[in-house]
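One structure is given here, and the rest of the page talks about it.
Number of protein chains: 2
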Amino acid sequence: MSNFNKDRELLPKEIDTKNRLSNISLPSLNLNAIAVATNIYRSAQGLKLKMEREVLGQYGLSWTAFSLLYDLWISGSMETKKLSQSLGVTKATVSNITNTLERKEFVTRKVDHHDRRNVFITITQAGIEAMEELYPKFHQGEIDLVSHLSIDEQALLATLLRRIIRSNNF
Amino acid sequence: MSNFNKDRELLPKEIDTKNRLSNISLPSLNLNAIAVATNIYRSAQGLKLKMEREVLGQYGLSWTAFSLLYDLWISGSMETKKLSQSLGVTKATVSNITNTLERKEFVTRKVDHHDRRNVFITITQAGIEAMEELYPKFHQGEIDLVSHLSIDEQALLATLLRRIIRSNNF
DNA sequence: TCACAATCGTTAGCTATGAAACGATTTTAG
DNA sequence: CTAAAATCGTTTCATAGCTAACGATTGTGA
């Protein structure tokens, strides 16, 4: 049975918002913009929480710590600065997360000999093994996330989000 | 000029991921699921950071603090428990944020006389004035976020995200 | 009635996070 | 060649955010 009509219905919170804002004077009110912004954040928050509880908690990893380890799993080794750009967090955060991952012996630090200001973070064998066990479960969570959408809808959603990211330089 | 084709192109990180994962045995690999999960989180993170820096920083409010104040602005007064559900954070976080907002004199606490376990958080006049100044700027940020999408695409994106939220109980 | 369970908000302890300051290093201008 | 600027990672400080434990209050079953 199709949920086509139901899906177009606003969420309870969206309805409250709409009612309240009708009393407030705004130069222009774009309800779709509100819905997109609110629902993007809510989806992301829900996904993060679910993954941390059901998957990443096994290894005591936060979402960002997992993302950092994932980047290293893909690339082997990266500078702190590139990691912070890739993850969208500050250098300070990368430094702290690296401390945590170092304590778990999932990564090591190495100073660049050519430029001693640079520090390379490298994934260890233990880190690789953790990722090999963790990633399939993480990916299953991603699959579950979109399992109620058709393949075409998944691709469409990905495309629209990509345009958001590109046009906002995220 | 249309960006139709460009938008379907994977982001650099997505390409790296795709190359790496071809070496790892997975029961099923859904690249669209990866793209959706990754891009939802990246969009949310970018939006949060942008808003906190360009808008909410003026009043020293975090995204969540603003969301809490916004809920109170809409409803006037709410129990701690309902706030935590609405915001998708724990009661402990609501308690902490309430402390911060109380220090700024944007909210007050009131014990429920009928059930002394309940605490109502209420927005103050100063809180209302802050929201009246802040919200138009915040909404402009929401408009900017989706400004490169057509009206139909905005509505479509909102609908798809709503289905993600509903089907995952976010 | 009254012990026990359930419910609520807060606190404690930890990691995460950003801004700002800092120290070390490298690059650049004169 | 050297002083100043730029770059990089870390530290510091504050808030955010989670889990778990706690104290206070209310509901419930015998």
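Quick note, the sequences are listed as chains A and B, same order. Throughout, this note's numbering is defined as the position within the first sequence, counted from one, plus 2. Throughout, this note's numbering is defined as the position within the second sequence, counted from one, plus 2. Glycine included, C-beta positions come from ideal geometry on N, C-alpha and C. Bear in mind the structure is a predicted one, so any value in this text is a computation, not a measurement.
Chain B partners of A:Ala94, CB-CB under 8 Å?
-> What A:Ala94 touches in chain B: nothing, since even the nearest Cβ is about 14 Å away.
Which value, in whole angstroms, describes the spacing of the CA atoms of A:Ile36 and B:Ala128?
-> Each residue's alpha carbon lies about 24 Å from the other.
Considering only C-alpha positions, which residue in the set A:Phe122, A:Glu131 and A:Leu70 is nearest to A:Ser79?
-> A:Phe122
Could you name the residues of the same chain whose beta carbon sits closer than 8 Å to that of B:Thr66, not counting the 5 residues immediately before and after it, in chain order?
-> Leu89, Val91, Thr95 and Ile99
Answer yes or no: do B:Asn41 and A:Leu147 have a C-beta to C-beta separation smaller than 9 Å?
-> no
Three-state secondary structure (DSSP) at A:Ser64?
-> coil
Using the beta-carbon count (16 or more within 10 Å), is B:His115 buried or exposed?
-> exposed
Residues, ordered as in the chain, of the region 150 to 169 of chain B that lie near chain A by beta-carbon distance below 8 Å = His150, Leu151, Ile153, Glu155, Gln156, Ala157, Leu158, Leu159, Ala160, Thr161, Leu162, Leu163, Arg164, Arg165, Ile166, Ile167, Arg168 and Ser169
Which residue from B:Asn120, B:Glu11, B:Leu74 and B:Phe108 puts its Cα closest to that of B:Tyr61?
-> B:Phe108
Output, in sequence order along the chain, the residues in the region 123 to 135 of chain A whose CB is closer than 7 Å to any CB in chain B.
-> Hits within the stretch: zero.
Output the boundary residues of the alpha helix (DSSP H) element that contains B:Phe140.
-> Where B:Phe140 is concerned, the enclosing alpha helix (DSSP H) stretches over Gln127 to Leu147.
Is it buried or exposed for A:Gln156, if we count other Cβ within 10 angstroms and need 16 for buried?
-> Counting the other CB atoms within 10 Å of its CB gives A:Gln156 a total of 16 or more, which places it among the buried residues.
Can a CB atom of chain A be found closer than 9 Å to the CB of B:Phe108?
-> no
N- and C-terminal bounds of the beta strand (DSSP E) containing B:Ser79 = Note, B:Ser79: beta strand (DSSP E), Ser79 to Glu81.
Helix, strand or coil at B:Lys106 according to DSSP, with G and I counted as helix = coil
On the three-state DSSP scale, how would you describe B:Arg111?
-> strand
Closest residue to A:Lys196 among B:Asp117, B:Trp75 and B:Glu135 (Cα-Cα distance) | Nothing in the structure corresponds to residue 196 of chain A, since chain A is present only between 3 and 172.
Could you give the residue range of the alpha helix (DSSP H) that holds A:Pro14?
-> Taken as a continuous stretch (DSSP letters only), the alpha helix (DSSP H) holding A:Pro14 covers Pro14 to Leu23.
Report the partner residues of A:Phe172 according to the DSSP bridge assignment.
-> Paired residues: none, contrary to the question.
Cβ-Cβ distance between B:Ser45 and A:Leu12 below 9 Å = no
Assign B:Thr100 to one of three DSSP states: helix, strand, or coil.
-> helix
List the endpoints of the continuous alpha helix (DSSP H) containing B:Arg44.
-> That run of the alpha helix (DSSP H) goes Leu33 to Glu56.
For chain A, find out if any of its Cβ atoms is closer than 9 Å to the Cβ of B:Ile76; answer yes or no.
-> By this cut-off, B:Ile76 is an interface position.
With DSSP collapsed to three states, give me the class of A:Ile26.
-> coil
Can you round the beta-carbon distance between B:Asn32 and B:Glu81 to whole angstroms, since I take them to be within the 8 Å contact cut?
-> B:Asn32 to B:Glu81, Cβ: 40 Å. No contact.
Opposite B:Val121 in the DSSP bridges: which residues?
-> B:Val113
Partner residues on chain B for A:Asn41, Cβ-Cβ distance less than 7 Å = Ala160, Leu163, Arg164 and Ile167
Neighbourhood of A:Ile125 by C-beta distance below 8 Å, restricted to the same chain and skipping five residues each side = Leu71, Leu74, Trp75, Gly78, Ser79, Phe108, Val109 and Met133
Which word fits A:Lys83, buried or exposed, when buried means at least 16 other C-beta atoms lie within 10 angstroms of its C-beta?
-> A:Lys83 should be labelled exposed.
Return helix, strand or coil for B:Ser152, following the three-state DSSP convention.
-> Annotated three-state conformation of B:Ser152 is coil, per DSSP.
Within 10 angstroms of the Cβ of B:Arg165, are there 16 or more other Cβ atoms? Answer buried if so, exposed if not.
-> buried
Flag B:Asn5 as yes if its beta-carbon sits less than 9 Å from any beta-carbon of chain A, otherwise no.
-> At B:Asn5, the pLDDT of 46 sits below 50, so the modelled position is not reliable; the number obtained from the coordinates is stated separately. Flagged as an interface residue toward chain A: B:Asn5, by a C-beta distance shorter than 9 Å.
Check the C-beta distance from A:Leu28 over to B:Tyr43 and give it rounded, since I have them as a contact under 8 Å.
-> Rounded to whole angstroms, the Cβ separation of A:Leu28 and B:Tyr43 is 29 Å, and the two are not in contact under 8 Å.
On a CA-only basis, which of A:Lys139, A:Ser24 and A:Glu144 is nearest A:Gly59? Give me that one, please.
-> A:Lys139
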